[in-house]
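Numbering follows my numbering, with no gaps: position 38 of the sequence shown is 44.
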Amino acid sequence: MISAKGIQSLFLIIGLCWLPGSAAIAASKPAIAPVLVIVIDDLGDNRGRGLAAINLKGKITYAILPHTPHAKALAKKAHQLGKEVILHAPMESKSGLRLGPGALEQRHDSEQLKSILNSDFDSIPFVSGINNHMGSLLTEDRQKMNDVMGIVHQRNLFFLDSVTTPKTVAWKVAREHGIPYLLRDVFLDNEQNEEYIHQQFKQAVKEATKKGYAVAIGHPYPETIQYLEKALPIIEQLGVKLISASELIRLRTGQPLLLAKEQQHPCDQYEGHCLPESVQPDSANSH
Ligand SMILES: [Zn+2]
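Listed below in structure tokens is the structure:
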């Protein structure tokens, strides 16, 4: 267990080496000041966990699952607090994991897929973008991604590729449609313990410092929320600024395109949802 003070002093020691002004970084100073986007996925099934995530201080971006019991209320609350809301669109995975309502699947034809996605968007107010929930099967399918991006383009939204397979074509198809897009760099909580989350958070800060920006995705696990409650207040001391996904899109206009990354953690095969059964989000019936 790392205390709040422990995290702060650990960061201050390491953080000094990462500041953009240091000699090591100065030679390849990025074009934009280091910024970090943190997205919390999977909101909507559990009210308490959702509210805890939304109450985190700072410009976190919230990805909400469509047609879930608390989706609308959580989106409204986040919006009232000036936070960004995006649709967390469930897409079919190779491992056949349960997707929940509003899922986009391989068996759907073009019209079905567009109709489901439109209904997903309509189920959540205030969305400015979309990212994929799971999707290791669907995001490798160029035709399906064409159907998805057609709707995203019509609605004038951005796309964040969660990169749940190294062979994703989703961000490439978004680019072909002229849709602003981002790629996930780091999953914060493939393992739900503080030491692991701390390492991943440091990795996200390091990537942001190296290339000017990074996108980290986490989930509303108690361990993740507790960690972020301690780490977010000192984030600017690490030389990075927390901004929303759409703010990063605006900053990156005219920047070189991102490159898809290889997966680094075995849990990535579970689409960033490598959680034991005991901590699965609770069902609609329990609220
Ligand atoms: Zn998800």
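Ideal placement from N, C-alpha and C gives every residue a C-beta, glycine not left out.
- DSSP places residue 71 outside any beta strand (DSSP E), giving it a letter other than H or E.
- For residue 247, the closest alpha carbon among the candidates 215, 122, 233 and 88 is that of 215.
- Ligand 1 has no heavy atom closer than 6 Å to the beta-carbon of residue 73.
- One alpha carbon belongs to residue 236, the other to residue 117, and they sit about 46 Å apart.
- Counting C-beta pairs closer than 8 Å gives three or more between the region 77 to 97 and the region 133 to 144, which meets the contact rule.
- In its chain, beyond the 5 residues on either side, no residue has a beta carbon closer than 8 Å to the beta carbon of residue 54.
- Residue 227 carries a coil assignment under DSSP once its states are collapsed to helix, strand and coil.
- Taking 6 Å as the cut-off, the C-beta of residue 76 does not count as close to any heavy atom of ligand 1.
- Closest option to residue 177, judged by alpha-carbon separation, among 122, 204 and 137: 137.
- Rounded to the nearest whole angstrom, the CA to CA distance from residue 107 to residue 72 is 7 Å.
- Taking 8 Å as the upper bound for CB-CB distance, residue 167 and residue 120 are not in contact here, some 19 Å apart.
- When secondary structure is reduced to three states using DSSP, residue 42 falls in the strand class.
- Looking only at 162, 102 and 61, the smallest Cα-Cα distance to residue 255 is reached by 162.
- Taken atom to atom, the span from the alpha-carbon of residue 74 to that of residue 130 is near 9 Å.
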